[in-house]
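**Q** The numbering of the sequence shown is UniProt numbering, which starts it at 1 and goes up by one. All residues carry an ideal CB built from backbone N, CA and C; glycine is no exception. Remember, it's a predicted structure, so these values are computed and weren't measured experimentally. I'd like to ask some things about the structure below.
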Amino acid sequence: MASLPTGTPNASTASLTLYPASSPQDESFGFGPEDSYDLVSPSDLDSPDSDPQKEHTPPPALPAWLVVPAMLTPSLSLGALLLPHTLESIPIVLGAIMLLLAIVISAGVQSIWRGAARYVRRETVEERVAEAFVGSGRGVRREKWKKLVSGITKAGMLSTGVGLCVVYLRSAVQLLVPHFSPHINPPHHARPALLPGGPTADPRSLRLPSARPPAPASNPPLDLSLLLPTGRVNPRLPPPLPQQHPAALASLPEEWGLSAVVWDYTLSSLLYFGYVLPALVHLILHHLRAPLAILFPSSAPMDSAHDALLLKKERSLQHKRETKRLLQDLLLFGVLLPGGLTVWGWSLGRFVRLW
1 MASLPTGTPN ASTASLTLYP ASSPQDESFG FGPEDSYDLV SPSDLDSPDS DPQKEHTPPP
61 ALPAWLVVPA MLTPSLSLGA LLLPHTLESI PIVLGAIMLL LAIVISAGVQ SIWRGAARYV
121 RRETVEERVA EAFVGSGRGV RREKWKKLVS GITKAGMLST GVGLCVVYLR SAVQLLVPHF
181 SPHINPPHHA RPALLPGGPT ADPRSLRLPS ARPPAPASNP PLDLSLLLPT GRVNPRLPPP
241 LPQQHPAALA SLPEEWGLSA VVWDYTLSSL LYFGYVLPAL VHLILHHLRA PLAILFPSSA
301 PMDSAHDALL LKKERSLQHK RETKRLLQDL LLFGVLLPGG LTVWGWSLGR FVRLW
């Protein structure tokens, strides 16, 4: 301890503490010589020890002829479900014609919906359906029926959208998984009945493509993996057998099971909301009920002096409206009603397992 010299301010109270001499190089912020870190330099990355062949190779690209049809699928109502199998099983020219036909029918259905919206002056689809099935009158009881029909229609459309998302995701997984890794075996790949692993092997890995799945009572609790079976990674499994179903056919589920029920319900709902429902709405509004007046309400009193002139103008406007609706009527009676009802009946029979 050393005191400050005399004459220094606060000399009586200040003190100076001396420490042993040490160099700044010896102070390493508390790190000892054993605390060392390996820094990777750019030269180390170019060393011959790193083998570029061990790096992950990019997956093979999808066929180029499938790009344009995939871009057209948003404008289709139902054709996108069977698009891969259709383009693989028929000539490309016939497939293009079928795609164009599906697009034309979908455009006609959209035209019917827009015409119904202008006719009943309603914005949403469920309101147009309620106006068609219940009527355009007023009253407490009629409004209750409109709300009921509108709610049922909205619930059906939402459930159809959820089912369509599940079916698309399941099909996409089964189509795209083989392009990424050969060790990922989708559920549709055929496998031998006996595999190494004994009783500890996964029962799903012993399934053959033609085997019927077990009863739901013997399965684990149902979860999302049963809705979307994506396969599992197991390098010990042998490669798929040469004779197996194509990936597009494998997107169709088994005869029984939750995935089959979801697929059949989605198919029947899409046929109903895509073809049958707009046909019924158009038929009820324009052919089974009296046409709505354009110039004046049908219940409003008219002056006898202008009665003949207004009726003549009304008939002229109604005739123009019917002329514009001619193509929609041809689509209705030529395609939607006979074809839509037939295919929808077939899908309902498939849903209840009649065939």
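Could you give the first and the last residue of the continuous alpha helix (DSSP H) run that contains G163?
**A** The sequence position of residue 163 within the sequence shown is 163, counting from 1. Membership of G163 in the alpha helix (DSSP H) is indicated by the continuous run 140–176.
**Q** According to the neighbour-count rule (16 or more other Cβ atoms, all chains shown, within 10 Å of its Cβ), is A102 buried or exposed?
**A** What you label residue 102 is simply residue 102 of the sequence shown in a count that begins at 1. Classification of A102: buried, given that the 10 Å Cβ count is 16 or more.
**Q** Can we say the stretch 151–161 touches the stretch 270–287, given the rule of at least three CB pairs closer than 8 angstroms?
**A** Contact between the stretch 151–161 and the stretch 270–287 is present, because at least three Cβ pairs lie under 8 angstroms.
**Q** Does the separation of the CB atoms of L283 and L332 fall below 8 angstroms?
**A** On the sequence shown, position 283 is the one that residue 283 refers to. On the sequence shown, position 332 is the one that residue 332 refers to. Result yes, Cβ atoms of L283 and L332 sit closer than 8 angstroms.
**Q** Going by the C-beta, is Y168 closer than 7 angstroms to any heavy atom of the ligand GTP?
**A** This structure simply doesn't include the ligand GTP, nor any ligand for that matter.
**Q** On the CB-based measure, 16 or more other CB atoms within 10 Å of its CB, does V140 come out buried or exposed?
**A** As a working note, residue 140 is residue 140 in the sequence shown. Exposed.
**Q** Does the Cβ-Cβ distance between S150 and E127 come in under 8 angstroms?
**A** As a first step, residue 150 must be located in the sequence shown, where it is residue number 150. As a first step, residue 127 must be located in the sequence shown, where it is residue number 127. It is a contact, given that the beta carbons lie within the stated cut-off.
**Q** What residues in its chain sit with their C-beta under 6 angstroms from that of T153, if we drop five residues either side in the sequence?
**A** Your numbering for residue 153 matches position 153 in the sequence shown. The residues are E126, V129.
**Q** For T323, name the three-state secondary structure that DSSP assigns.
**A** As a first step, residue 323 must be located in the sequence shown, where it is residue number 323. Looking at T323 - three-state DSSP - the assignment turns out to be helix.
**Q** Give a yes or no on contact between the stretch 317–324 and the stretch 91–101, applying the rule of three or more CB pairs nearer than 8 angstroms.
**A** no
**Q** Along the alpha helix (DSSP H) that carries S136, what are the first and last residues, could you check?
**A** As a first step, residue 136 is located in the sequence shown; it is residue number 136 there, counting from the start. Run containing S136: none; DSSP gives neither H nor E here.
**Q** Relative to the C-alpha of L285, which residue among R350, V261, K147, R118 is closest?
**A** Here residue 285 corresponds to residue number 285 of the sequence shown, with the count starting at 1. Measuring from the Cα of L285, the nearest candidate turns out to be R118.
**Q** Quick one: what does DSSP say A260 is sitting in, helix, strand or coil?
**A** Here the question's residue 260 lines up with position 260 in the sequence shown. Correct three-state label for A260: helix.
**Q** Decide if residue 363 is buried, meaning its Cβ has at least 16 other Cβ atoms within 10 Å, or exposed.
**A** No statement about residue 363 is possible, as the shown extent of the chain runs from 1 to 355 and does not include it.
**Q** Can you give the beta carbon distance from L292 to E314, rounded, assuming they're within the 8 angstroms contact cut?
**A** Counting from 1 along the sequence shown, the entry for residue 292 is found at position 292. Counting from 1 along the sequence shown, the entry for residue 314 is found at position 314. Actually they do not touch by this definition, with Cβ atoms about 11 angstroms apart.
**Q** Keeping to the same chain, check which residues put their C-beta closer than 8 angstroms to that of P33; ignore five residues upstream and five downstream.
**A** Your numbering for residue 33 matches position 33 in the sequence shown. With a pLDDT of only 47 at P33, under 50, the local geometry of the prediction cannot be trusted, and no value is derived from it.
**Q** Alpha carbon to alpha carbon, what distance is there between L148 and V134?
**A** Residue mapping note: residue 134 aligns to position 134 of the sequence shown, counting from 1. Residue mapping note: residue 148 aligns to position 148 of the sequence shown, counting from 1. Going by the C-alpha atoms only, they are around 10 angstroms apart.
**Q** For K324, does the count of other Cβ atoms within 10 angstroms reach 16, so buried, or fall short, so exposed?
**A** Locating residue 324 in the sequence shown gives position 324, counting from the first residue. With fewer than 16 other Cβ atoms within 10 Å, it is exposed.
**Q** Might you give, ordered along the chain, the residues of its own chain that have their beta carbon closer than 6 angstroms to the beta carbon of G108, omitting 5 neighbours on each side?
**A** In the sequence shown, residue 108 corresponds to position 108, counting from 1. Excluding positions up to five away in sequence, the list reads L331.
**Q** DSSP three-state call for I97: helix, strand or coil?
**A** One-based indexing of the sequence shown puts residue 97 at position 97. I97 falls in the helix class under three-state DSSP.
**Q** My understanding is that Q328 touches I112, with C-beta atoms under 8 angstroms, so please give their C-beta distance in whole angstroms.
**A** Translated into positions along the sequence shown, residue 328 becomes position 328. Translated into positions along the sequence shown, residue 112 becomes position 112. That belief holds up - the Cβ atoms of Q328 and I112 are roughly 6 angstroms apart, short of 8 angstroms.
**Q** Verify whether the separation of the beta carbon atoms of Y275 and G340 is less than 8 angstroms.
**A** As a working note, residue 275 is residue 275 in the sequence shown. As a working note, residue 340 is residue 340 in the sequence shown. Yes, Cβ-Cβ distance for Y275 and G340 is below 8 angstroms.
**Q** Report, in whole angstroms, the separation of the C-beta atoms of V281 and A116, which I expect to be a contact under 8 angstroms.
**A** The residue labelled residue 281 in the question sits at position 281 within the sequence shown. The residue labelled residue 116 in the question sits at position 116 within the sequence shown. Their Cβ separation, rounded to whole angstroms, is 6 angstroms, which keeps V281 and A116 in contact under 8 angstroms.
**Q** Is V167 close to chain C, meaning its C-beta is less than 8 angstroms from at least one C-beta of that chain?
**A** Structure shown: chain C not included; a single protein chain is present.
**Q** Between R114 and L176, what straight-line distance do the alpha-carbon atoms span, to the nearest angstrom?
**A** Taking the first residue of the sequence shown as position 1, residue 114 is located at position 114. Taking the first residue of the sequence shown as position 1, residue 176 is located at position 176. Rounded to the nearest whole angstrom, the CA to CA distance from R114 to L176 is 37 angstroms.
**Q** Which word fits A155, buried or exposed, when buried means at least 16 other C-beta atoms lie within 10 angstroms of its C-beta?
**A** Locating residue 155 in the sequence shown gives position 155, where the first residue counts as 1. Label assigned to A155: exposed.
**Q** What does a CB cutoff of less than 7 angstroms around Y168 pick up in its chain, not counting 5 residues either side in sequence?
**A** Start at 1 with the first residue of the sequence shown, and residue 168 comes out as number 168. Nothing listed; no residue qualifies.
**Q** May I have the straight-line CA-CA distance separating residue 413 from S347, to the nearest angstrom?
**A** A question about residue 413 goes unanswered here, because the residues of the chain that appear run from 1 up to 355.
**Q** Could you give the DSSP three-state label for A107: helix, strand or coil?
**A** Against the sequence shown, residue 107 aligns to sequence position 107. If DSSP states are grouped into helix, strand and coil, A107 belongs with the helices.
**Q** Label K144 either buried or exposed according to how many other C-beta atoms from any shown protein chain fall within 10 Å of its C-beta, with 16 as the threshold for buried.
**A** Here the question's residue 144 lines up with position 144 in the sequence shown. It counts as exposed.
**Q** Rounded to a whole number of angstroms, what is the C-alpha to C-alpha distance between V262 and L99?
**A** Residue numbering aside, residue 262 sits at position 262 when the sequence shown is read from its first letter. Residue numbering aside, residue 99 sits at position 99 when the sequence shown is read from its first letter. Their backbone Cα atoms lie some 25 angstroms apart in a straight line.
**Q** Please report the distance separating the alpha-carbon of V173 from that of C165.
**A** Walking along the sequence shown from the start, residue 173 turns up at place 173. Walking along the sequence shown from the start, residue 165 turns up at place 165. Taking the straight line joining both Cα atoms gives about 12 angstroms.
**Q** Assign D264 to buried or exposed, taking buried as 16 or more other Cβ atoms, counted over all protein chains shown, within 10 Å of its Cβ.
**A** Within the sequence shown, the letter at position 264 stands for residue 264. Counting Cβ neighbours within 10 Å, D264 comes out buried, since at least 16 surround it.
**Q** Three-state secondary structure (DSSP) at V276?
**A** Within the sequence shown, numbered from 1, the residue matching residue 276 stands at position 276. V276 falls in the helix class under three-state DSSP.
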